[in-house]
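The structure appears right after this line, and notes come after that.
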Amino acid sequence: MTPVTVPALLLRAHPWSESSHVLRFLTPEHGVVAMLARGVRSRASRGVAPLESFARGELELEFRPGRDLQGFRDFRPEGGEPRKLGRDLLPLAAASWLAELVLAHALEEGSEALFHQVVAGREELEE
1 MTPVTVPALL
11 LRAHPWSESS
21 HVLRFLTPEH
31 GVVAMLARGV
41 RSRASRGVAP
51 LESFARGELE
61 LEFRPGRDLQ
71 GFRDFRPEGG
81 EPRKLGRDLL
91 PLAAASWLAE
101 LVLAHALEEG
111 SEALFHQVVA
121 GREELEE
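Residue numbers (my numbering): 1 to 127.
Rendered as structure tokens:
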């Protein structure tokens with residue numbers, strides 16, 4: 001399977017094991033994408049920044065239609081500072097609500113407009 005690189009916003013990360021996470025990203029091409037990312041919890045020990053909720057960047061994945069969990073290759077965060085959201089409870093709560101709303105109602109089909117609106121909302125909350 002050939003890896004695909006797409007812009008993405010990390011909506012949620014759940015610990016799966018000592019070294020792995022289940023990640024849910026919003027992408028313009030594929031909508032909400034879930035994946036099991038093995039070994040990402042140990043990224044910090046290798047000098048790589050840990051994955052943070054609400055981070056925006058380039059996601060490299062192996063996409064196979066119809067699968068519940070896609071193949072995670074890499075995520076390279078860019079722009080914005082998701083940690084800013086954690087400095088005040090109200091923006092963090094609003095960003096969390098927005099992520100839950102998208103996770104509950106977004107389809108597996110991509111929507112460029114939805115992706116850009118959610119990213120714009122996140123950036124507005126950072127301010």
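Think of the CB as a built atom: it goes at the ideal place given N, C-alpha and C, for glycine as much as any other residue.
As the crow flies, the alpha-carbon of F72 is around 11 Å from that of R64. The Cβ-Cβ distance between F75 and L51 falls below 8 Å. Under the Cβ criterion (8 Å, minimum of three pairs), the stretch 11-31 counts as touching the stretch 104-118. Its chain contains P3, T5, R73 and D74 as the residues whose beta carbon lies nearer than 6 Å to that of E60, once the 5 sequence neighbours on both sides are disregarded; these appear in chain order.
One Cα belongs to A99, the other to S20, and the distance between them is close to 21 Å. If you draw a straight line from the Cα of L92 to the Cα of V102, it is about 15 Å long. Exposure of R38 is indicated by the presence of fewer than 16 other C-beta atoms within 10 angstroms of its C-beta. Rounded to whole angstroms, R122 and A94 show a C-alpha spacing of 9 Å.
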